[in-house]
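Residue numbers (the numbering used here), protein chains in the order written: chain A, 1 to 181; chain B, 1001 to 1181; chain C, 2001 to 2181; chain D, 3001 to 3181; chain E, 4001 to 4181; chain F, 5001 to 5181.
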């Protein structure tokens, strides 16, 4: 890590799915190493952010170990949200080892990092409409099959913490917030 | 209060209506006493949270005194929202006398308290579609009759503070936030 | 400024458009001077708040200088949002020179300042459906002509900072937040 | 409570001691009722704020019940600290039933409430150098006798929660924060 | 302001004294214009930060007008404190028109702005031990003569708001916080 | 990590010194693996917290790699401070993989985790008066030799980021905050 700075890969990983694995492999085919910046790390138990940072970290560690990606090629850090958006770049720099390029398809991440003088590169999507957190959470909510969209270690963590039940409960809750309270 | 811990009843009470009275009576028929946890206590002057904690407390005190529920059987405390959801249980414990069971129909409250090892019980609803804060605020906004949904003391507090006008203004405001600013 | 307190004019100015110029002229025709309170001053890089306070201040200074409004007749200050709404009046008083009347068409501003004992006056709109921040941001997003809705200095600031591109990117981002992450 | 507004009595009550009882009795000899505003209600487990609001509330309820002060003559509410001091008056008003006069010997409370147009009255101290939270916490820390400075119900709550041990631990901690970390 | 960026002058201005006037004149002898960044703008009613941003702004406007410094050569903006220090540079940039160099004798300001690639220049002090906010507040507290350390307009604002009494009260308060509560 | 929960080791690591290495080795001699919880992770550029989480993480990774501690035996996560102390346990649980025992000599950590039902164990100190962050920062400030108190990788990171100069500047700053502003 001390020699060439690694690349930064930004996401929320709710949960860590096969599209994310594809992106990690893609970045590692180009770069010496990868810092996985787990955004919204303080958020959990929300319809769009059901899992804690600790749970997401377990998924990432489990999946990358199963794939035999060397622990010396990646590290995952949590980045909390900030209400004051322009602070986000500096926050990421303070909470992470040094990095060179940023890999992200998120336009706000692109604007903020480019304005701060960083290079931002796109990530080729793998079947974007399927391998997406939104689709996985939608399937969990609808009680449809979602296990084929995530690697085995992600599946195991979610089952152990009853994460799919949590998604159903949180969304039920949201509806009630609209209609009942 | 020092002998058997009381039960905790969680709600926002925007405003304190007849459904809430029904719940208080139900819980007091089972438990020695009741701690009324008034959620979102820092929020007010918002479409879904029009009334301050102070105003809601006046409604609760007025209504339960009118019903001659002994002051030694209940106490109401305010609990602010936290962005970091898993802290909510600990926050409630710190801002309240000790409690045993929790009474709530809210799934997020249920998940968080059950994960922390507490028993959570449902409350039978009284005509849920009528006796709900949402319905009362909707009627206030639409200038429909709402007084039969709340006990007399709640009605008096709302009239004194012009609370129904406040709801209409706040909702007008929300629309303008969407369409004009 | 020390002799008669000025009037306070509250807005977000995202961006500062011809409707705002109309309001400033209207108020200056009645009052000795005007304090322009720029709300949500910490917010930027959001679909409804694309511009920073610094950028909005440049627009205001440029426009009023072009119109040869004396700098001794106005001053602009930033006011951040507060989650606890009733603090807003006191916050505005602390971050501003003393003021007499408030000019605003915003109902929440009206409620809060009137409850605190201030006089609040309406501002006659200039073609409200056109000269509005919402309409200008909608046109930017849709790549329609928007330059005729803003004074020249506002146009120049937005072009220099590529503000219309920023609006398009931020809104793209918002859609992706819904559909992809 | 609905007829004449009560007086407001502001303190931190760390813990609720005999000096506070003296003040409550003094105020109740003059006023119709008393709202006890428990400041710094979110703070606990700190050398100057060892007890939670819930624990302080138990002390107040226990002591005033033992003294047979009618529950219809007082109510205690928690008020969190705010970094933005001028918001404190408005925060207190929002989190409390309406009040008339304020009783406080604290100069900042006096300035802020007087600036907001309220009457603020002093409270005669009862042996100020003894009956003070600072002295009680100092004795706890030094393992000196403190039980005679607090009413019996306060003593029982502190013993039950091992509050004096907590004070010793927290202060040990503070020293280590200075010397070791 | 649109042509050459101005210099940034950072301070807290509690209160705006003759040393600050000296610095403004020095900077204006070198630069085209000056942005006065008023730090800790949300803080007031504290021993080290007795005055609100609004009060400090009145001092600055009054003093610079008396000195006939053209309003087209300076503008003052408020910058709130941030707990996360590395965000401070970006916060200042967002709340201010664009600037070139920074003038400051504060080492933390220097580190943070230099790390962000900005040039930071020292300001020659004018009798530093006298013309300092600390000395002025000390004299107010001790009831010593302080009026010769501030320009006339600063003196007038402080007298009008009874600012010297406020300093004495706030410091009394701090002592009591240590010894009594 | 998925089989037996690891132990949690809590510290601030400002910087990561030989005493911390001793503690890691001690814990790894007993436990299957160790989660290093880096406290105050959002704090940096302060006299007691000079280094960012990213910088501290680089020290930890460098030192443990040099010692050939397998990456599969440890993971380091950042934990921000919370003003509301009782939330700290839950925050740590959410930002970390699951853990069993806690290793800490900090009494507040002990109280909070024990109250939450966790086992907390002491760590034998290695020459506590020398191998302490306070002593190292004191030596940096006094321009005394400090390199023998830290492992080589910590030394290299500090030199690369000019961390000892930063400590001197920050402390100079603190003094000036007392004497000048």
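We treat Cβ as the ideally placed atom computed from N, Cα and C, and that holds for glycine.
C-beta neighbour in chain F for residue 2972 (chain D), strict 9 Å: Since the first and last residues shown for chain D are 3001 and 3181, residue 2972 (chain D) lies out of range.
Continuous alpha helix (DSSP H) stretch holding residue 2153 (chain C): start and end: Note, residue 2153 (chain C): alpha helix (DSSP H), 2152 to 2160.
Within 9 Å, strictly: CB atoms of residue 5094 (chain F) and residue 52 (chain A): The answer is yes: Cβ separation under 9 Å.
Three-way DSSP call (helix, strand, coil) for residue 1084 (chain B) in this model: Shown here, residue 1084 (chain B) sits in coil according to DSSP, grouped into three states, outside any helix or strand.
Bounding residues of the beta strand (DSSP E) (the contiguous stretch that carries residue 5100 (chain F)): Where residue 5100 (chain F) is concerned, the enclosing beta strand (DSSP E) stretches over 5099 to 5103.
Beta carbon proximity, residue 5098 (chain F) to chain A, threshold 9 Å: Judged by the 9 Å Cβ criterion, residue 5098 (chain F) is in contact with chain A.
Proximity test, Cβ basis, 9 Å: residue 28 (chain A) and chain F: Residue 28 (chain A) does not count as touching chain F.
Among E:4164, E:4112 and E:4107, nearest to residue 4133 (chain E) - alpha-carbon criterion: Considering only alpha carbons, the answer is E:4164.
Rounded C-alpha distance that separates residue 4049 (chain E) from residue 4116 (chain E): Looking at the two C-alpha atoms, the distance is approximately 28 Å.
7 Å CB neighbourhood of residue 1032 (chain B) in its chain, flanking five on each side removed: Once the five neighbours on either side are set aside, the close Cβ partners of residue 1032 (chain B) are 1004 and 1006.
Cβ contact (3+ pairs, closer than 8 Å) linking the segment 2076 to 2095 of chain C and the segment 2021 to 2029 of chain C: Result no; under three Cβ-Cβ pairs closer than 8 Å.
Residue 1086 (chain B): contacting residues in chain F (beta-carbon distance under 7 Å): Within 7 Å Cβ-Cβ: 5090 and 5094.
Host beta strand (DSSP E) of residue 1008 (chain B) (start-end): Membership of residue 1008 (chain B) in the beta strand (DSSP E) is indicated by the continuous run 1006 to 1011.
Proximity of residue 1100 (chain B) and residue 3054 (chain D) at Cβ, strictly below 9 Å: Cβ atoms of residue 1100 (chain B) and residue 3054 (chain D): not closer than 9 Å.
Chain-ordered chain E contacts of residue 3112 (chain D) [CB-CB under 9 Å]: Chain order gives the chain E residues near residue 3112 (chain D) as 4045, where near means a beta carbon separation below 9 Å.
Reduced DSSP secondary structure (H/G/I, E/B, other) of residue 1143 (chain B): If DSSP states are grouped into helix, strand and coil, residue 1143 (chain B) belongs with coil.
Cβ-based contacts, 8 Å cut-off: residues of the segment 2119 to 2137 of chain C near chain B: Listed by position along the chain: 2128, 2132, 2133 and 2134.
Spatial neighbours of residue 5122 (chain F) in its chain, beta-carbon cut-off 6 Å, leaving aside the 5 residues before and after: Hits under 6 Å: 5105.
Residue interval of the beta strand (DSSP E) (run including residue 3078 (chain D)): Residue 3078 (chain D) -> beta strand (DSSP E) spans 3074 to 3078.
Sequence-distant residues of the same chain with beta carbon closer than 7 Å to residue 4171 (chain E), five excluded per side: Excluding positions up to five away in sequence, the list reads 4047 and 4141.
Of the residues C:2147, C:2058 and C:2135, the one placed nearest residue 2076 (chain C), counting alpha carbons only: Checking every option, the nearest Cα to that of residue 2076 (chain C) belongs to C:2058.
N- and C-terminal bounds of the beta strand (DSSP E) containing residue 1039 (chain B): From DSSP, the beta strand (DSSP E) with residue 1039 (chain B) extends over 1034 to 1039.
Distance, residue 161 (chain A) Cα to residue 1118 (chain B) Cα: Computed Cα separation, rounded: 17 Å.
Under the three-state DSSP convention, the category residue 1046 (chain B) falls into: Secondary structure of residue 1046 (chain B) (DSSP, three-state): strand.
Residue 3071 (chain D), buried or exposed, once every other Cβ within 10 Å from all chains shown has been counted against 16: The C-beta of residue 3071 (chain D) has fewer than 16 other C-beta atoms within 10 Å across all chains shown, which makes the residue exposed.
DSSP beta-bridge partners of residue 120 (chain A): Answer by DSSP bridge pairing, in chain order: A:102.
Nearest candidate by alpha-carbon position, reference residue 4014 (chain E), set E:4124, E:4135, E:4111 and E:4114: Among E:4124, E:4135, E:4111 and E:4114, the Cα nearest to that of residue 4014 (chain E) belongs to E:4135.
Three-state secondary structure assigned by DSSP to residue 1094 (chain B): In this structure, residue 1094 (chain B) counts as helix in the three-state DSSP scheme.
Three-state secondary structure (DSSP) of residue 3136 (chain D): It is helical.
Residues near residue 2102 (chain C) in its chain [Cβ-Cβ closer than 6 Å; skip 5 each side]: Non-local beta-carbon contacts of residue 2102 (chain C) in its own chain, meaning distances under 6 Å to residues more than five positions away in sequence, involve 2008, 2113, 2118 and 2120 in chain order.
C-beta contact flag for residue 5010 (chain F) and residue 5079 (chain F) at 9 Å: The answer is yes: Cβ separation under 9 Å.
Rounded separation between residue 2181 (chain C) and residue 137 (chain A) - CA only: Per-residue confidence for residue 2181 (chain C) stands at a pLDDT of 38, beneath the threshold of 50, marking its modelled position as unreliable; no derived number is given.
Spatial neighbours of residue 1109 (chain B) in its chain, beta-carbon cut-off 6 Å, leaving aside the 5 residues before and after: Its chain contains 1010 as the residues whose beta carbon lies nearer than 6 Å to that of residue 1109 (chain B), once the 5 sequence neighbours on both sides are disregarded; these appear in chain order.
Member of D:3056, D:3035, D:3068 and D:3037 whose CA lies at the smallest distance from the CA of residue 3045 (chain D): It is D:3056.
Contacts of residue 4170 (chain E) in chain D (Cβ-Cβ under 9 Å): Per Cβ cutoff of 9 Å: 3107, 3108 and 3111.
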